[in-house]
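Visitor: Chains A and B, in that order, are what the protein sequence lines are. Numbering of the first sequence is given in numbering that gives the first Met the number 0, commencing with residue 0 and proceeding in unit increments. Numbering of the second sequence is given in numbering that gives the first Met the number 0, commencing with residue 0 and proceeding in unit increments.
Number of protein chains: 2
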Amino acid sequence: MQLDALFSPRSVAVIGASQNPQKVGGMPVQLLLRLGYDGPIYPVNPGAAEVQGLTAFATIDAVPAPIDLAIVALPAASVEGAIEQLIARRARAAVVLSSGFAEMGEEGAATQARIAERALASGMALLGPNCLGVMNIRRKLFATFSPAPLAGVPEVGQVAIVSQSGAFGAYAFSLARKGSLGLSHWVTTGNEAAVSVADVIDWLADDAGTRVILAYIEGARDGAALQRALAKARAAGKPVIVTKVGRTEAGARAAMSHTASLSGEDALYQAVFDATGAIRARTVDEMFRLGQAFATGSTPAGRRLGIVTVSGGVGTLMADSASDLGLELPPLPESVAMPLRERIPFCATQNPIDVTGQVTADLPVLGLAAQGAATSGAYDALVLFVAAALASPLLAPSIVEMVRKAVAAAPGVPMALCGIADEATRQALLECGCLVFEEPTHAVEVLSAKTRWAAQRIEPQPQQPAQLEIAPALLNEAEALDFLAGFGVPAAPHRWVHSPADAVAAWRALGGEAVMKIVSADLLHKSDVGGVRVGLRSEQEIREAYDGITGAVARLAPQARQQGVLVARKLAPLAELMLGARHDPVFGTVLVLGLGGVQVELHPRTAVLTAPTTAERVRAQLDALGVLKLIGGWRGRPKGDADALVDVVLRFGSLAAALGPRLGTLEINPLMVTAEGIAAADAVVSFVEEAR
Amino acid sequence: MQLDALFSPRSVAVIGASQNPQKVGGMPVQLLLRLGYDGPIYPVNPGAAEVQGLTAFATIDAVPAPIDLAIVALPAASVEGAIEQLIARRARAAVVLSSGFAEMGEEGAATQARIAERALASGMALLGPNCLGVMNIRRKLFATFSPAPLAGVPEVGQVAIVSQSGAFGAYAFSLARKGSLGLSHWVTTGNEAAVSVADVIDWLADDAGTRVILAYIEGARDGAALQRALAKARAAGKPVIVTKVGRTEAGARAAMSHTASLSGEDALYQAVFDATGAIRARTVDEMFRLGQAFATGSTPAGRRLGIVTVSGGVGTLMADSASDLGLELPPLPESVAMPLRERIPFCATQNPIDVTGQVTADLPVLGLAAQGAATSGAYDALVLFVAAALASPLLAPSIVEMVRKAVAAAPGVPMALCGIADEATRQALLECGCLVFEEPTHAVEVLSAKTRWAAQRIEPQPQQPAQLEIAPALLNEAEALDFLAGFGVPAAPHRWVHSPADAVAAWRALGGEAVMKIVSADLLHKSDVGGVRVGLRSEQEIREAYDGITGAVARLAPQARQQGVLVARKLAPLAELMLGARHDPVFGTVLVLGLGGVQVELHPRTAVLTAPTTAERVRAQLDALGVLKLIGGWRGRPKGDADALVDVVLRFGSLAAALGPRLGTLEINPLMVTAEGIAAADAVVSFVEEAR
């Protein structure tokens, strides 16, 4: 979406401009005037010739020059008309601050939909309604009614904030100011009638002034668009830190009650974040910490962390944290360790490198350790814990100087300093490109996040397959297995038979022990009605089973159409999986992968993926589920073919994505991995009418 | 241990007192003088008549009055002699600041052990060596060489800090000062030759001036003593916040390299913390946050949290966090909700209670919501998110006043305020008994920690059973099952036979399907040598199995003594457990509980408990493992007897504890839970010589 006029308008009209600078229609005028927006400002107010010292216009039509961005601060009932007039005037963007739309009920939602449709059709970028507006810090554009900028504006920087929630956005603005985090843009999207958080991220991915994006999301309307925008930002090398609330049921309930947006299942958001390298922050604190961290210094080239500390205890604490987060702690090379030990007898030169409290007496040794470790080639990132030394006016300047030298000597090795520091010292260190934290584990956490982000492979987003045209239907099990086989998902060896004699012939042809099941599209739970027999090993057992199955089903489920019997060879699986797909209104096609078996049902584990997906993501999920271990020759058992399994999941995913909204049920349970290959042993397949 | 003289000495001698106030022997003199210790100070220095303006004495013997506490700041080689002289002078306590003992190697360790033995024998409380000393903030006693108090001392308060690490202790002191956390005592225990962190906690549990204890631990020498001290503090109603480092392998390696203490397995520490209600902090931040939280306001009577917020988004974030932590979010009673809705049209009156940004215009509504919720009886604790309102000099005083009223109206409902606040406002709120956080989820976390702590049942610590006198031996399986049965641990129905005919008779007597195993104390892995047969259902199969087993073992393990064959009835377990015990040098008897089965081995789960233990703790671990669910009639399966299972684990634990250091191996694998009862199906039992 073209959002240039929203962020960098050549002119701004305020529709419903107020003389009172505290009002919704007055605050933007006040902010634009006081904070130095350099383009023309056109207040529109039918009852005033002047607004806050500016010439006012009675109507939108009366504005004598082109309107680039319109700030709409009218009662809800007047918004639609104003948007029509703005479209007629070819305004390129509008920020609708007014509330009273989808969040108020059906009528408001209908008006909102009409406004959005008109804006989209005419190419106008419409932000809101029910939003707090937008700011471009560099351009000094404050199209908002939040009074927060009056108390001070953060410096111009390279971090953009985009928030669905206005209150959260305002709070984040205050936190940025308090934490001296430099901002490029600030946007709140409110009801997202047209412009969504995804659209803003997409635009920011192209914006030269933005290096890091902080996003706050309650629920997206279009999961695929969100995924595309996040992938674009990742490809552009811009980390996106996401706070997505409503993780839990209680949270989702709370989110629903306060926004008008449909919120999908949290695991799906997580899958999208995982697929695109978006970094999830669980707290506001963490969001800002990560934002500052990604805006400062380099990213680690690998997982090797060096820890230099004046306290062995805190060193251990950081080592614990590094270990939790999968970082490695290689020892200090002897060439650096030796001179350190000569200087400080108690110095521990493994890793953590404990230079002990001695440094207070002999500060240069800290520089020796830090610069030595940074330039040794043994580490991809470095943390230094200096306790209260930074708070000492005597020591702080020397430490800053020492850090400046170490960073300059090893610019590719990001460095974080931990300890008590005053704001001036903190700023001086940040300017050197060195992160600063009071809490030692925070340093390890952000370096780990930077490491993971840098290691994320930028892969092409998979192509959506062409839609499969198919009529609504519910397949029986034999048809379902055949249908899947047609798309490259192999079935367990089986025959569909219609007499005891054919069953016997099938068993002989298949070999081994047989499983028999009734074939009927009307029966989902076949064993409940005597429709399944297992462990069949002789002609007599096969014949008895055929009659037993058809008889029992006729007796217990008389209304079910009987379509014959399936004879299948019993397999010896290394792993039994469940593989399913569904169509989600927000995320489109979604795959669910699970591990079977009774003990696992006790501690259930499933993974979700949006489809189509990639081999890498499928492999990562199979690994997380323990499947790769289970089929990887674990405990002396035979190996399964992991590549073939990944391939089957990908084919299944492509098929599901091709069905799109016509997907009813697509489920294989179990999908068996044997030493011989992959086989669907049972499947349910149905197609539905495409919902509008 | 009697530590009164350590914390409140009537007089202090500084052995090795220095004229230079920056030196180890000079700093304590400087601190005691400058910070106002009110007892007599006796510097001991053979080469000076005066030290920092005080009369000095050439020797310990020359000190003309009784010495209550001696601060020893001598070279390591002179410490032992000084301690002897102090004992002769009946000094009641000594703080040994000197390093060069166990942390330096075997010789140092031997000297340290001698000193400790002498001190313990004479009743002298010996702190250190290699420690940073002790402070009693109220008494203005600063028996330390840390210069930290020179930069300012925290106010007198009710929080005590005890740290094994000196550097961590010094850092914690600075953090307390910076965070305005009032302290009672500060202790670092260093090498813990005599006085340990556990001894200090034990003493603080009785100290009237201490309400909350912050403890930093790298490794305890006596796990049972630690557990007793923590239980005593819990019984005294004093929360202990513990930071135990060395959680991970990397961390444990780091901890080992820098202290002289043996560190047990982390899971055992966790078991001790769980059993005693100690609250574990994973970061320094969290440790101080919890310390402040437990020192301020009341504790919640239950799990019902009310959330009042000016931002729906942040409300959702807090609801997510509350849900993660098991708190409940009941809706606001209608009697409170109705007037709120009348006042603010967009107000969400479920929970989170979203009073919206409107409050900036109508602040009293926040008080209406907060006090209404607090006094409604619907909540056990309350969090309020006010965004940046507290930072406004206009709004802050009114908010503080409003909070003061709400806390007074509902003193039993702890309250936490979240938002940006300056230090004065923060202090004013803390003085009202209201917690303050910038990060909203922190408020939820500490209230959850307080809730869990308050709900911890104070149960009597289990009694150590009398030691069982038993000679070293390795039992065979039949003997092992009999031995366990003698202590109330039932075995699966079985017979120990010595001929095929007896085996057949045994099978007939037992009924059902049989399992047969070789009996030999020399064979741990019986199936590897053909010593196990299963699924035996006829006389012929039993006879063949007898001959097959004895023949195979004779061939494959000719040197193993054959002691007959065990015939056991095959059971149909609802759950298979592993139950083991071992003797740990730090924690004494330790029980290990695990769930069996191949899928569980893929994602292993075990629990550890110190023994003897209580029914409540065993039940909690069985629950965490999923066993209670598995045997609780899960998925329509029969139920097992959970009480009987708990009882068997308790009996097993008592037996293991009675064996104490004579315990070699005690393991039941599997322990079967069937619909009929609990049965050990296989066991390994051995006894060893008691190690010195």
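Think of the CB as a built atom: it goes at the ideal place given N, C-alpha and C, for glycine as much as any other residue.
Is it buried or exposed for L570 (chain B), if we count other Cβ within 10 angstroms and need 16 for buried?
Guide: Within the second sequence, the letter at position 571 stands for residue 570 (chain B). Answer is buried; the Cβ neighbour count reaches 16.
Visitor: In this structure, does DSSP put I216 (chain A) in helix, strand or coil?
Guide: Counting from 1 along the first sequence, the entry for residue 216 (chain A) is found at position 217. Three-state DSSP puts I216 (chain A) in a strand.
Visitor: Measuring alpha carbon to alpha carbon, tell me which residue in A:V354, A:A465, A:D546 is nearest S498 (chain A).
Guide: Taking the first sequence and counting its residues from 1, the one referred to as residue 498 (chain A) is at position 499. It is A:D546.
Visitor: Could you tell me the distance, in whole angstroms, from the CA atom of L339 (chain B) to the CA atom of T374 (chain B)?
Guide: Taking the first residue of the second sequence as position 1, residue 339 (chain B) is located at position 340. Taking the first residue of the second sequence as position 1, residue 374 (chain B) is located at position 375. Distance between the alpha carbons of L339 (chain B) and T374 (chain B): 15 Å.
Visitor: Between the C-alpha atoms of S724 (chain A) and I398 (chain A), what's the straight-line distance to the nearest angstrom?
Guide: In the structure as shown, chain A begins at 0 and stops at 691. Residue 724 (chain A) is therefore absent and cannot be evaluated.
Visitor: Just list the residues that DSSP pairs A57 (chain A) with in beta bridges.
Guide: To locate residue 57 (chain A), count along the first sequence from 1; it is residue 58. Paired residue(s): none; A57 (chain A) is not in a bridge.
Visitor: Measure the alpha-carbon distance for Q269 (chain A) versus M515 (chain B) and round it to whole angstroms.
Guide: In the first sequence, counting from the first residue as 1, residue 269 (chain A) sits at position 270. In the second sequence, counting from the first residue as 1, residue 515 (chain B) sits at position 516. Looking at the two C-alpha atoms, the distance is approximately 52 Å.
Visitor: Can you name, in chain order, every residue of its own chain whose Cβ lies under 8 Å from the Cβ of Q558 (chain A), other than the five neighbours on each side?
Guide: The residue labelled residue 558 (chain A) in the question sits at position 559 within the first sequence. Taken in chain order, the residues that qualify are D521.
Visitor: Rounded to whole angstroms, what is the Cα-Cα separation between A87 (chain B) and L32 (chain B)?
Guide: Position 88 of the second sequence, counting from 1, holds the residue named residue 87 (chain B). Position 33 of the second sequence, counting from 1, holds the residue named residue 32 (chain B). Each residue's Cα considered, the two are about 27 Å apart.
Visitor: Which value, in whole angstroms, describes the spacing of the CA atoms of G52 (chain A) and M123 (chain A)?
Guide: Residue numbering aside, residue 52 (chain A) sits at position 53 when the first sequence is read from its first letter. Residue numbering aside, residue 123 (chain A) sits at position 124 when the first sequence is read from its first letter. Approximately 29 Å between the Cα atoms of the pair.
Visitor: Could you work out which residue in B:V23, B:G276, B:V244, B:P351 is closest to A360 (chain A) when comparing CA atoms only?
Guide: Locating residue 360 (chain A) in the first sequence gives position 361, counting from the first residue. Nearest C-alpha to A360 (chain A): B:V23.
Visitor: Using DSSP with H/G/I as helix, E/B as strand and the rest coil, what is L261 (chain B)?
Guide: Walking along the second sequence from the start, residue 261 (chain B) turns up at place 262. With a pLDDT of only 38 at L261 (chain B), under the threshold of 50, the placement of this residue in the model should not be trusted; the figure read from the coordinates follows. The answer is coil: DSSP assigns L261 (chain B) none of H, G, I, E or B.
Visitor: Give me the Cα-Cα distance between G296 (chain B) and P238 (chain A), rounded to the nearest whole angstrom.
Guide: Taking the first residue of the second sequence as position 1, residue 296 (chain B) is located at position 297. Taking the first residue of the first sequence as position 1, residue 238 (chain A) is located at position 239. The alpha-carbon atoms of G296 (chain B) and P238 (chain A) are separated by roughly 41 Å.
Visitor: So which residues on chain B does E725 (chain A) lean against when the C-beta distance must stay under 9 Å?
Guide: Residue coverage of chain A in this structure runs from 0 to 691, which leaves residue 725 (chain A) outside it and unanswerable.
Visitor: Less than 8 Å between the CB atoms is what I'm expecting for L707 (chain B) and I136 (chain B), so what's the real figure, rounded?
Guide: Shown here, chain B extends from 0 to 691; a query on residue 707 (chain B) therefore has no answer.
Visitor: Below 7 Å between beta carbons is the criterion; list the residues of the segment 348-368 of chain B that meet it against any residue of chain A, in chain order.
Guide: Those residues of the segment 348-368 of chain B that come within reach of chain A (Cβ to Cβ, closer than 7 Å) are Q349, P351, D353, G356.
Visitor: May I have a chain-ordered list of the alpha helix (DSSP H) segments no shorter than 4 residues that lie completely inside the segment 138-224 of chain A?
Guide: The segment 138-224 of chain A contains these whole alpha helix (DSSP H) runs: 165-177, 196-205.
Visitor: Could you have a look at D353 (chain A) and say whether DSSP puts it in helix, strand or coil?
Guide: Translated into the one-based positions of the first sequence, residue 353 (chain A) becomes position 354. D353 (chain A) falls in the strand class under three-state DSSP.
Visitor: Report yes or no: is there a C-beta of chain B within less than 7 Å of the C-beta of G178 (chain A)?
Guide: Walking along the first sequence from the start, residue 178 (chain A) turns up at place 179. Not one chain B Cβ lies under 7 Å of G178 (chain A).
Visitor: Counting contacts by CB-CB distance shorter than 7 Å, is L627 (chain A) in contact with chain B?
Guide: The residue given as residue 627 (chain A) occupies position 628 in the first sequence. Taking Cβ atoms only, chain B never reaches closer than 7 Å to L627 (chain A), which makes this a no.
Visitor: Quick test of the definition: if touching needs 3 or more C-beta pairs under 8 Å, does the segment 473-493 of chain A touch the segment 536-550 of chain A?
Guide: With the cut-off at 8 Å, the segment 473-493 of chain A and the segment 536-550 of chain A do not touch.
Visitor: How long is the line joining the alpha carbons of W697 (chain A) and R138 (chain A), rounded to whole angstroms?
Guide: For residue 697 (chain A) there is no data in the structure shown, the boundaries of chain A being 0 and 691.
Visitor: Which same chain residues, not among the five before or five after Y378 (chain A), have their C-beta less than 8 Å away from its C-beta?
Guide: Counting from 1 along the first sequence, the entry for residue 378 (chain A) is found at position 379. The answer, listed in chain order, is R303, L304, G305, P329, A372, V412.
Visitor: Just how far apart, CA to CA, sit F100 (chain B) and A166 (chain B)?
Guide: Walking along the second sequence from the start, residue 100 (chain B) turns up at place 101. Walking along the second sequence from the start, residue 166 (chain B) turns up at place 167. Each residue's Cα considered, the two are about 18 Å apart.
Visitor: Between which residues of its own chain and P8 (chain B) is the CB-CB distance below 6 Å, once the five residues before and five after are set aside?
Guide: In the second sequence, the residue the question calls residue 8 (chain B) occupies position 9. So the qualifying residues of the chain are D67, L68.
Visitor: I'd like to confirm the pairing. Which residues does DSSP put opposite T275 (chain A) in its beta bridges?
Guide: For this step, residue 275 (chain A) is matched to residue 276 along the first sequence. DSSP lists no partner for T275 (chain A).
Visitor: Just by C-beta distance, which residues in the segment 159-175 of chain A are closer than 9 Å to chain B?
Guide: From the segment 159-175 of chain A, only S162, Q163, S164, G165, A166, F167, G168, A169, Y170, F172, S173, L174 have a Cβ closer than 9 Å to chain B.
Visitor: For H257 (chain B), I'd like the list of residues in its chain whose CB is within less than 7 Å of its CB, leaving aside the five on either flank, ordered along the chain.
Guide: The residue given as residue 257 (chain B) occupies position 258 in the second sequence. At H257 (chain B) the pLDDT is 45, less than 50, meaning the model places this residue with poor confidence; the figure from the coordinates comes in the next sentence. Closer than 7 Å at Cβ, skipping near neighbours: no residue.
Visitor: For the segment 670-690 of chain B, which residues have a beta carbon sitting closer than 7 Å to at least one beta carbon of chain A?
Guide: Result list empty, no residue passes.
Visitor: Quick one: does G727 (chain A) have its CB under 7 Å from some CB of chain B?
Guide: Because chain A here runs from 0 to 691, residue 727 (chain A) falls outside it and cannot be looked at.
Visitor: In or out: P471 (chain B) buried (at least 16 other Cβ within 10 Å) or exposed?
Guide: Taking the second sequence and counting its residues from 1, one reaches residue 471 (chain B) at position 472. Result: exposed.
Visitor: Thinking C-alpha only, which one of A:R233, A:G625, A:L654 is nearest T609 (chain A)?
Guide: For the purposes of this step, residue 609 (chain A) is identified with residue 610 of the first sequence, where counting begins at 1. The residue with the shortest Cα to Cα distance from T609 (chain A) is A:L654.
Visitor: Between the Cα of T298 (chain B) and those of B:V211, B:R246, B:E468, spot the shortest distance and give me the residue it belongs to.
Guide: Working through the second sequence from its first residue, we reach residue 298 (chain B) at position 299. The shortest C-alpha separation from T298 (chain B) is found at B:V211.
Visitor: Which whole runs of the alpha helix (DSSP H) in the segment 383-433 of chain B are 4 residues long or more, in chain order?
Guide: Listed in chain order, they are 395-408, 422-430.
Visitor: In the DSSP assignment, what are the bridge partners of A606 (chain B)?
Guide: As a first step, residue 606 (chain B) is located in the second sequence; it is residue number 607 there, counting from the start. A606 (chain B) pairs with B:L592.
Visitor: Looking only at its own chain, which residues have a Cβ that is under 7 Å from the Cβ of S310 (chain A), when we skip the five neighbours before and after it?
Guide: Taking the first residue of the first sequence as 1, we reach residue 310 (chain A) at position 311. Correct list, in chain order: F384, A386.
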